[in-house]
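S.K.:
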Amino acid sequence: MILGAELGCQAVWDEISIMIYTHPAYAASHDLAFDAYCMQHPEKYGRSAKSYAAHLTRLCCGIEYQADPGVYAIIRQWLDGKVPLEKPALLRERGQLTVLEVYAASDAAEFRQRVQAWAENVWQAYHEQQALARQWIELASLLYGQNRVSSRRR
1218 MILGAELGCQ AVWDEISIMI YTHPAYAASH DLAFDAYCMQ HPEKYGRSAK
1268 SYAAHLTRLC CGIEYQADPG VYAIIRQWLD GKVPLEKPAL LRERGQLTVL
1318 EVYAASDAAE FRQRVQAWAE NVWQAYHEQQ ALARQWIELA SLLYGQNRVS
1368 SRRR
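As structure tokens, then:
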């Protein structure tokens, strides 16, 4: 681990957040970018089983369900209140791309492309936990969905 790397990542993420909140063209990428960032920093953003499950399932939604608002809503409902969850072990490898690649984007279109590539890279790094994320979404769908949701994995 590089000394100060976590603080550096946080500073870059803070700059990206400012862009997202002040420029509407960047805002559509917020959820996917945030969940990718959180899953690369689960010691901070996934301390509890519930927060870990939230970011893992939301990352799955962003990639495999094309950020379907209905799936995000089902995840939110499922995690609202007491949920018996066991937190998976933290992974050592969390993707090769980082927030720095996103920060280097020159415009909103490139930003969206870089966020997508980054999130896909992080999701791939979590291949050991993808089945769990899908199971959790399926459970949430059974409990709170109007209809069962289905992944649109490529």
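In this note's numbering, the protein residues as written are 1218 to 1371. Think of the CB as a built atom: it goes at the ideal place given N, C-alpha and C, for glycine as much as any other residue.
Spatial neighbours of H1175 within its chain, please: CB distance less than 8 angstroms, with the 5 preceding and 5 following residues excluded, ordered by chain position.
M.R.: Absent from the model: residue 1175. The displayed extent of the chain is 1218 to 1371, so no value can be given.
S.K.: Could you compute how far the alpha carbon of Y1269 sits from the alpha carbon of S1323?
M.R.: If you take the alpha carbons of Y1269 and S1323, they lie about 31 angstroms apart.
S.K.: So, are the CB atoms of G1279 and L1249 less than 8 angstroms apart?
M.R.: Contact: yes.
S.K.: Comparing alpha-carbon positions, which option in E1345, A1271, G1287, Y1238 lies nearest E1310?
M.R.: Nearest of E1345, A1271, G1287, Y1238 to E1310, Cα basis: E1345.
S.K.: Using only alpha-carbon positions, find the residue among A1242, E1260, S1246, A1245 that is nearest to Q1227.
M.R.: Selected option, being the one with the closest Cα: E1260.
S.K.: Please list, in chain order, all residues of the same chain as F1328 whose beta carbon is under 6 angstroms from its beta carbon, the five residues on each side excluded.
M.R.: So the list reads Y1243, A1322, once near-sequence residues are dropped.
S.K.: Given a cut-off of 8 angstroms on the beta-carbon distance, is the pair M1256 and Y1343 in contact?
M.R.: Taking 8 angstroms as the Cβ cut-off, M1256 and Y1343 qualify as a contacting pair.
S.K.: Can you tell me whether Y1238 is buried or exposed? The criterion is at least 16 other CB atoms within 10 Å of its CB, across all chains shown.
M.R.: With fewer than 16 other Cβ atoms within 10 Å, it is exposed.
S.K.: Would DSSP call L1220 helix, strand or coil?
M.R.: Its pLDDT being 38, under 50, L1220 is placed unreliably in this model, and the value from its coordinates should be taken loosely. Of the three classes helix, strand and coil, the one that applies to L1220 here is coil, per DSSP.
S.K.: Assuming L1314 contacts N1338 (C-beta within less than 8 angstroms), just tell me the rounded distance between them.
M.R.: Confirmed, Cβ separation roughly 4 angstroms.
S.K.: Residues in the same chain with beta-carbon distance under 7 angstroms from G1362, minus the five sequence neighbours each way, listed in chain order, please.
M.R.: For G1362, where only same-chain residues beyond five positions count, the Cβ hits under 7 angstroms are I1291.
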